[in-house]
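Here the structure comes first, spelled out in structure tokens, and everything after it is commentary.
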Amino acid sequence: MEKLFYLIFSVSGQNIFFDSVIIFFGTYFAMIAGGIFILLAFWYYMADERKYSRAIILGLISAFFARYGIVSLIRIYYQSPRPFTFLDINNLIFDSNYSFPSGHAMFFFTLGTVMYAVNKKMAWFAYISGFVIGIARIAGGVHWPTDILGGMILGIVFGIIVNWANSNFMASSR
1 MEKLFYLIFS VSGQNIFFDS VIIFFGTYFA MIAGGIFILL AFWYYMADER
51 KYSRAIILGL ISAFFARYGI VSLIRIYYQS PRPFTFLDIN NLIFDSNYSF
101 PSGHAMFFFT LGTVMYAVNK KMAWFAYISG FVIGIARIAG GVHWPTDILG
151 GMILGIVFGI IVNWANSNFM ASSR
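When we follow UniProt numbering, the leftmost residue of the sequence shown carries the number 1, and every step to the right adds one.
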């Protein structure tokens with residue numbers, strides 16, 4: 001995986017445009033994509049499309065729990081140093097805690113998996129956002145490829161659990 005890290009990381013430091021793109025997607029795009037989902041939830045709610053607004057809200061709550069609950073718990077017991085603390089590299093993005101699993105990947109893949117049951121286009125937007133952010137964070141020097149892959153897998157698994165629990169809850173409440 002170290003070779004894959006260096007392959008992706010090699011695009012950084014080449015020119016200011018690519019570095020700016022890496023920094024944008026690795027640092028700021030998550031807030032923009034998350035904001036889009038919040039706006040969509042509000043818009044669907046106002047348009048009386050409760051099915052979609054509930055799914056987005058469930059997805060966002062699940063994704064926040066995955067990111068700030070599950071990821072934080074894993075990092076207490078599995079302390080994986082970030083590439084820039086281990087390798088002699090000039091990273092473009094900085095982060096102070098441990099790297100496995102990627103919180104960004106887990107957030108967006110949980111959100112995407114929860115959304116997939118209701119709206120596949122929104123789900124794919126979440127998946128693609130998580131993937132692009134993950135690649136940018138590898139290129140920025142703050143994640144190993146395994147961090148991103150771990151976050152993706154854990155996010156999908158947690159999203160499946162949320163969908164299963166939600167469908168069982170909805171069936172029992174009818």
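Note that the Cβ used here is the ideal one computed from N, Cα and C, for glycine as well.
Because the structure is a prediction, the values reported are computed rather than measured.
{"Check": "Can you tell me whether T85 is buried or exposed? The criterion is at least 16 other CB atoms within 10 Å of its CB, across all chains shown.", "Outcome": "exposed"}
{"Check": "Counting Cβ pairs, one atom from each stretch, are 3 or more of them under 8 Å apart for the segment 152-161 and the segment 99-118?", "Outcome": "yes"}
{"Check": "With 16 other CB atoms within 10 Å as the buried threshold, where does S99 fall?", "Outcome": "buried"}
{"Check": "According to DSSP, is D88 part of a helix, a strand, or is it coil?", "Outcome": "coil"}
{"Check": "Assess contact between the segment 114-128 and the segment 73-80, defined as three or more Cβ pairs (one per stretch) separated by less than 8 Å. Is contact present?", "Outcome": "no"}
{"Check": "Looking at the structure shown, is V11 part of a helix, part of a strand, or coil, going by DSSP?", "Outcome": "coil"}
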